[in-house]
Amino acid sequence: MADAVRSGARAPATDRLTLARLLRAREAGVFIALLVLCLFLSFATDGFLTSLNLLNVGRQISLLGIMAVGMTFVLIAGEVDLSVGSTYAFSGLATGMLIIAGWALLPAIGVGLATGVAIGLINGVLSTYGRLPSLIATLGMLSIVRGAALILTNGQPVTVNARNGALPGVLQSFGFMGQGYLFSIIPMQLVFFVIIAALAWMVVAFSNFGFRVYAVGGSAKAARVSGISVNSVKICAFVLIGVLAAFAGILSMAFLPSGQAGRTGVGLELDVIAATIVGGASLSGGEGTILGTILGVLIIGVMRNGLVLMGVSPFVQELMIGLVIIIAVGIDKWSTRRTN
Amino acid sequence: MTEQQTPAPIVEISGLTKRFPGVLALDRISVDFRPGEVHAVIGENGAGKSTLMNILAGDLQPNSGEIRIDGRQATIASPLASRAAGITVVYQELALCPTLTIADNIMMSDMAARSAVSLVPRDKMRREARAALARLGMGKLDPDTRVGRLSVAEMQLVEIAGAIRQRARVLVLDEPNSALSKRESGRLFDIVRQLRGEGVTVIYVSHHLKEVLDLADRITVMRDGRTIETLDNDGLSEDRLIRAMVGRDLDTAAQWSLQPEARSDAAPIVLSVEELTADGLDGLSFHARAGEILGIGGLPDSGKDTLGEALFGLCSRDGRISIDGKELRAADPHASIRNGMTLVPADRRGAGALLAMSVADNVVSASLPRFSLAGFMRRGAVRREARAQVARLDARISHLGQRLATLSGGNQQKIILGRSLVTNPRVLILHEPTRGVDVGAKAEIYAILRGIAGEGVAVVMISSEIPELIMNAERVLVLRNGRISGELTGAGINEEAILARAMAS
C-alpha cells in the first residue's frame, strides 16, 4: 500500500510491486513502527483493539491531523509555521463569539476561516516579499495572534450554549460538527479529517500545484529559473495551513464547546510539526508526503492512547512522545545516509 | 569557413559595462552571437567571462550598454526573462532540485507553463524525459531516479537535457566539462555539434584550449573586462590564443622574481611534500625552502584549490608531508599548527575569519592555549599581541574591539594574516591571498609577505591571479589535472609560460 501511494508522490516508481521496494519506500519505516505499536498494544491491553477505541483514537487525532496536513505543504515548500496554535485559538473563538452573538452557522464559520486565510497571507507575505525567515515571521505571528485573541475575548472563556445567546438551530448543527457521529458511529471530526487528507493527498501527489510545492522546496533557484513563481507557491502553502488551522480550531470549539484565549491550543504547533516530521517531512524542504504525515499523526495518536490504556502517567507520556520523535527521525536519517 | 555570408546575429552586445564596487568587471565590451554557431569565450580568471554570462542569464544587470536580441533592443531583467528570450545558461553550480526525479527536473519548465490546477502527467513526463536523455545518449538513466543521487556529471547532462527540451535558441555552457569524464565530454561535444546543425547558438566558456579549437566556429578572447578580439577558428593555434589572452602591461610592477640574487637556493628545505594525493590531486611532490615565496598556479579544476586544505590537513590525504624533516602523519590542522604550518584560506567569509568577533579575538584565535590561563583568556596578553600584529601589518582599525565584519577586505585579510603569524609558522600557506582586496592593500600585503619570507618562513602562495604569482614568487609550480605540469623560475616566470602550462595540452 505504501508503495502504491508513494509512486504517485514521486518515489522511484516501478510497475512491479516487490517486497524490497515496499521496504525501501520512505513511509515503510513509519508504517512498520505503527504496525508493531498496534500489535504490541493489542496484546498488552484489553481495550485497544476494539472498534470503539479505534474510532476514539481517530477522533482524538483528527484536529492534529488536519493541521499536520497543512503543515506538510509548508514543510515541503521549505518553510515552517509556528503560528498554527494561535490561529487555532483565534479562529475558534471568533466563530464561537459570532454564534453566541446570534449569527447563522455558515457566516460564523466563514468569518472564522477568513481569519485563518488572513493570518496565512500575512505569514506568507512576511516570509517571501518581506524577506523574513518563516521561523521568525511565524514566531512573531504566534504572539500577535494570541494577543489578538486575548484582546478579542478580554481573556474570558467563551462558551457556546443557548444561555449565552446562540440560536438553537445553529447550536445544534454546530454541535453536530464537533460532537456528532456519521451513521451514529463515525465521529464527525474523523470524517472531516479523512476528507481533508484525501483531498490534500490528491493535490500533493497528482496536481501541478503539488509539483510546484516540491520544486520550490527542493531548490528555489531551479524553480524560479523554470518559471515557477516561488513566492506565490509559498504564500499559497501558508494560506492553506492558515485555513486548516482555523478549521481545526472551529471544530474544537464545536466539540468542547468552549475555549479560552490564554489556554486553547497553546504549544499545539510543536505537536503538529512533530507529527509531520515523524511522517518523513524534512525541515530543509522538498521532502514529505501526505501519507507519511497521516502515519506520523497515527503513531503519536496511537501511542498516546496506548499509554493511557496501560495506565502510564501523563508525565511519562510526554517523555515517551519526545523519544518517539527523536528515534523516528534518527532512524530515518541513519537509513537514508546508509542508502546514499 | 563561412565566408559567403554572415547571418544576422541572434544576440548582439555593444558597449556593455558592469561595475562592481571598486572593480570594473566589464568595460564597454562588444560581441555578437550568430545562429547556428559554436562561439567560445576564453580568458583568464577575472577576465569578465562569468559576469557576461550572468548578464545573459538575467542574474546581473549591466550599468550601461546595449543588448539586442533578434535585432531588437532588449533588457534581460530576470532569469525568467532570459529563458523567455530562448537563452539557457547551464551553470557550474547547477539549478536542479535534488529532491525531485530526473523527469521532474527536465520537465519543470513545462510544468510551470501549465495551470497549477491541472494533473501532473507522469507518464508523459517520463516518456519525454527519456527521449530527452536518449538524445544525449543517456538513455539508460532511469528518469525516476532522484537527482540528488546522481554524479555531478550526470546532473550537468540532466540540466542540458532540460535546456535542449525547451528548444533553447542560445545555450550557454559555462565550463561544462570540468566535472565530466572523457567519455561524457565526448558525448557532450557530439550534442553541441548536433545542436549547431539545428541552428542553435552554443556559447561555450572554457579553459580547455584544445577543445575550444576542436569545437568552436568563432572564439572571443576576453582580458581585464574587455573583449580583445573575436577570431574565426581557421588555422588558429593554442599559442595564438594564449598570446591573445596575455599582453597585460606588467612593466610597472616591481618583479620580485627578477631581482638579481637568487637568495634562497641554498637555504634549507622547510616544507617537503612527497606523493601528495587527495581529492583532485594526483601524487604531487615538491618542496619549499626557508625564505622562499613559492607560487602555485593552475586552472580552477587543476587541483590547486584543494592543495591548501590538503597540506594543512583539512581534508583526508595520502603521501608524506614534513616540516623541517618532521613528518606530519595524520591530516589534523591542530598538529599542522603545532608543527609550524598555517593556512590563510581563500574563503575569508566562510572559513577564514570570525567575522562577528573582534580584531583582537581573531588575531589570537589560532593560538588560544598561549593566551589562556586555567581556562580564562589573558586579556592583557591578547591585547598586547593584537596591538603588535596590527602595528606590524599596518592594519587600519579604529580599536582592537572592532568587529572584523566592519573592516574592509584588505584589512580583514591583514588580521587573518596576523592570526597566522601569531602561531610562529615555519610554513605559511596562502590561498588567493588578495581576493576581494583593493589595489592599494594588495601591494601592502605583498610587501608584508616578502617581509615574512625574509624572516626565513617558507611562503606558499596559491593563486588564480597570474600577475600576483609573477610579482611575488621566486618559483612557480603550475598544476594541471592534479599534477605538476611545469616549474618556472626567475625570468622564466611570465604570463605566457604559466598559461601555456596550465591550459595547453
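Protein sequence lines, in the order shown, are assigned to chains F and U. The letter at position 186 of the first sequence is residue 204 when you use my numbering, and the numbering goes up by one with no holes. The letter at position 244 of the second sequence is residue 295 when you use my numbering, and the numbering goes up by one with no holes. Don't be surprised by glycine CBs; every beta carbon is placed ideally from N, CA and C.
Open item on the list: What does the alpha-carbon distance come out to for the pair U/Thr-68 and U/Leu-77?
Closed with: Answer to the nearest angstrom: the Cα atoms are 5 Å apart.
If U/His-90 and U/Ala-219 are in contact, beta carbons under 8 Å, what's the gap, nearest whole angstrom? With 8 Å as the limit, U/His-90 and U/Ala-219 do not qualify as a contact, their Cβ atoms being about 14 Å apart.
Could you check the C-alpha separation between U/Arg-486 and F/Met-89 for me, to the nearest Å? Going from the Cα of U/Arg-486 to the Cα of F/Met-89 covers about 44 Å.
Let's test the definition: count the other Cβ atoms within 10 Å of the Cβ of U/Met-159 and tell me whether it reaches 16, buried, or not, exposed.
Burial call: buried.
Original post:
What is the residue span of the alpha helix (DSSP H) that U/Ala-361 lies within?
Top reply: Segment 355-363, the alpha helix (DSSP H) holding U/Ala-361.
**Asked** Where are the beta strand (DSSP E) runs, 3 residues long or more, that stay fully inside the segment 137-208 of chain U, in chain order?
**Response** Counting only runs of 3 or more, we get 138-141.
Segment contact, 8 Å Cβ cut-off, at least three pairs: the segment 200-208 of chain U with the segment 139-151 of chain U: Contact between the segment 200-208 of chain U and the segment 139-151 of chain U is present, because at least three Cβ pairs lie under 8 Å.
*What do you reckon, are the CB atoms on F/Leu-286 and F/Val-102 nearer than 9 Å?*
Taking 9 Å as the Cβ cut-off, F/Leu-286 and F/Val-102 qualify as a contacting pair.
Does the count of Cβ pairs from the segment 482-498 of chain U and the segment 364-371 of chain U closer than 8 Å reach three? Output reads no: the segment 364-371 of chain U does not touch the segment 482-498 of chain U.
Is it true that the CB of U/Leu-260 sits closer than 9 Å to the CB of U/Ala-555?
-> Here U/Ala-555 is near U/Leu-260, since their CB atoms are less than 9 Å apart.
For the candidate residues U/Gly-491, U/Ile-499, U/Asp-330 and U/Ser-416, whose alpha-carbon lies nearest to that of U/Arg-443? If we check each option's Cα against that of U/Arg-443, U/Ile-499 comes out closest.
query = U/Pro-476: which of U/Ala-182, U/Ser-387 and U/Glu-378 sits nearest, CA to CA?
reply = Of the listed residues, the one whose Cα sits closest to U/Pro-476 is U/Ser-387.
Report task. Return the Cβ separation of F/Arg-206 and F/Met-220 in integer angstroms, given the expectation that the two are a contact with Cβ distance under 8 Å. Result -> It is worth fixing the name first, because residue 206 of chain F is Met in this sequence and not Arg. About 22 Å separates the beta carbons of F/Met-206 and F/Met-220, which is beyond the 8 Å limit, so they are not a contact pair.
Assuming U/Arg-501 and U/Ser-416 are in contact, meaning their beta carbons sit under 8 Å apart, how far apart are those beta carbons, in whole angstroms? Taking C-beta atoms under 8 Å as the contact rule, U/Arg-501 and U/Ser-416 fail to qualify, at a distance of about 25 Å.
**Report entry** Span separating the alpha-carbon of F/Phe-201 from that of F/Asn-249
**Finding:** Between F/Phe-201 and F/Asn-249, the C-alpha separation is close to 43 Å.
When you compare only the Cα positions, how much space is there between U/Glu-506 and U/Met-392?
Each residue's Cα considered, the two are about 15 Å apart.
Quiz item: Distance, Cα to Cα, U/Thr-558 vs U/Thr-152?
Solution: Residue numbering for chain U in the displayed model covers 52 to 556; residue 558 of chain U lies beyond these limits and cannot be assessed.
- Is DSSP giving U/Pro-476 helix, strand or coil here? Correct three-state label for U/Pro-476: coil.
Please confirm whether F/Lys-351 has its beta-carbon closer than 9 Å to some beta-carbon of chain U. Judged by the 9 Å Cβ criterion, F/Lys-351 is not in contact with chain U.
What residue range is occupied by the uninterrupted alpha helix (DSSP H) comprising U/Ala-509? Under the DSSP assignment, U/Ala-509 falls outside any alpha helix (DSSP H), being part of the beta strand (DSSP E) whose first and last residues are 509-513.
query = Expressed to the nearest angstrom, what Euclidean distance is found between the alpha-carbon atoms of F/Asn-182 and F/Ile-118?
reply = Roughly 6 Å between the two C-alpha positions.
Open item on the list: Just verifying my parser: in three-state terms, what is the DSSP assignment at U/Gly-116?
Closed with: U/Gly-116 carries a strand assignment under DSSP once its states are collapsed to helix, strand and coil.
(Q) So, at 7 Å on beta carbons, what are the nonlocal neighbours of U/Val-20 in its own chain, with the 5 sequence-adjacent residues on each side left out? (A) A query on residue 20 of chain U cannot be resolved here, the shown segment of chain U reaching from 52 to 556 and no further.
| request: Per DSSP, which residues does U/Tyr-255 bridge with? Please list them. | output: The partner list for U/Tyr-255 (beta bridge, DSSP) reads U/Ala-91 and U/Leu-224.
Please state whether DSSP places F/Ile-246 in a helix, a strand or coil.
Shown here, F/Ile-246 sits in coil according to DSSP, grouped into three states, outside any helix or strand.
Out of U/Lys-191, U/Val-198, U/Ala-214 and U/Gln-124, which has the shortest C-alpha to C-alpha gap to U/Asp-161? Checked all of U/Lys-191, U/Val-198, U/Ala-214 and U/Gln-124; the closest Cα to U/Asp-161 is U/Ala-214.
Shortest alpha-carbon distance to U/Leu-451 belongs to which of U/Gly-348, U/Gly-460 and U/Arg-430?
Taking U/Leu-451 as reference, the option from U/Gly-348, U/Gly-460 and U/Arg-430 with the minimal CA-CA separation is U/Arg-430.
With a threshold of 9 Å between beta-carbons, can U/Ala-304 be considered close to chain F, or not?
Low per-residue confidence applies at U/Ala-304: pLDDT is 45, beneath 50, and the placement is therefore not dependable enough to give any value.
If you drop the 5 nearest sequence neighbours on each side, which residues of the same chain put their C-beta closer than 8 Å to that of U/Gly-31? In the structure as shown, chain U begins at 52 and stops at 556. Residue 31 of chain U is therefore absent and cannot be evaluated.
Would a C-beta distance cut-off of 9 Å place F/Met-115 and F/Ile-140 closer than the cut-off? 9 Å or more divides the Cβ of F/Met-115 from the Cβ of F/Ile-140.
- Say whether the segment 252-272 of chain F touches the segment 135-155 of chain F, bearing in mind that this needs 3 or more beta-carbon pairs closer than 8 Å, one atom from each stretch. Judged by Cβ distances under 8 Å, the segment 252-272 of chain F makes contact with the segment 135-155 of chain F, as three or more pairs qualify.
| request: Go to U/Ala-219, then tell me how far its beta strand (DSSP E) extends in each direction, as first and last residue. | output: Here U/Ala-219 belongs to no beta strand (DSSP E), and DSSP marks it neither H nor E.
query = Exposed or buried, which one is U/Ile-127 when buried takes at least 16 other CB atoms within 10 Å?
reply = Burial is judged here by how many other beta carbons sit within 10 angstroms of a residue's own beta carbon; U/Ile-127 has at least 16 and is buried.
Requested in this report: Could you work out which residues of chain F lie near U/Ser-536, taking near to mean beta carbons separated by less than 9 Å?
Outcome: Result: empty, since nearest Cβ-Cβ is about 35 Å, beyond 9 Å.
Kindly indicate if chain F contains any beta-carbon less than 9 Å away from that of U/Ser-202. Residue contact check for U/Ser-202 against chain F: no CB pair falls below 9 Å.
When the cut-off is 9 Å and only beta carbons count, does U/Asn-105 lie next to chain F?
Not closer than 9 Å to any Cβ of chain F, the Cβ of U/Asn-105 fails to qualify, so no.
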